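Written below as structure tokens is the structure these notes are about.
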């Protein structure tokens with residue numbers, strides 16, 4: 004474990020990828036053999052796409068199924084001298100979440116009721132009133148306010 008480098012003035016409401024409630028949730032249906040992370044690692048708390056072969060990518064896949072990457076995995080830190088990682092490496096079995104209440108990180112902040120968008124390039128999350136170029140509407144909405152660089156609750160039921 005790394006040495007503490009900062010102290011929060013208040014407790015964070017959650018960690019990106021965590022469940023934000025005990026409400027029902029659903030996972031993306033996987034075929035025989037389940038879902039496996041492809042050549043590029045996926046990041047917990049982002050969105051990812053599964054193709055018809057069950058290979059998961061952080062980049063948009065034509066005809067792929069979109070799902071949220073939850074935080075339910077044992078840490079696998081492969082880089083030397085790295086203290087923590089939110090990446091799930093290539094070849095790892097994975098579950099993508101189709102709906103539920105989760106925490107997501109918003110670099111630019113988020114307001115209640117905004118659409119949750121996923122980057123087509125790497126699956127990172129953004130909140131906006133309307134869909135922007137390079138992003139896709141995930142069907143989730145923001146359920147709690149977040150200042151820039153903080154987490155907020157997102158929901159899809």
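Numbering (this note's numbering), first residue to last: 4 to 160.
The beta carbon of each residue, even a glycine, is placed where N, CA and C say it ideally should be.
Note that the structure is predicted; figures quoted are calculated from it, not measured.
Terminal residues of the continuous beta strand (DSSP E) containing residue i?
i: residue 102; result: 99-109
i: residue 158; result: 153-159
i: residue 134; result: No beta strand (DSSP E) holds residue 134; DSSP gives it neither H nor E.
DSSP three-state call for residue i: helix, strand or coil?
i: residue 140; result: strand
i: residue 31; result: coil
i: residue 91; result: strand
i: residue 118; result: strand
i: residue 14; result: coil
i: residue 129; result: strand
i: residue 70; result: strand
i: residue 50; result: strand
i: residue 113; result: strand
i: residue 60; result: strand
Measure how close the beta-carbons of residue i and residue j come, nearest whole angstrom, since I'm counting them as under 8 Å.
i: residue 155; j: residue 50; result: So it is not a contact: roughly 15 Å between Cβ atoms.
i: residue 61; j: residue 126; result: 4 Å
Suppose contacts are defined by Cβ-Cβ distances below 8 Å. Is residue i in contact with residue j by that definition?
i: residue 166; j: residue 47; result: Any question about residue 166 goes unanswered here, given that the chain covers just 4 to 160.
i: residue 95; j: residue 40; result: yes
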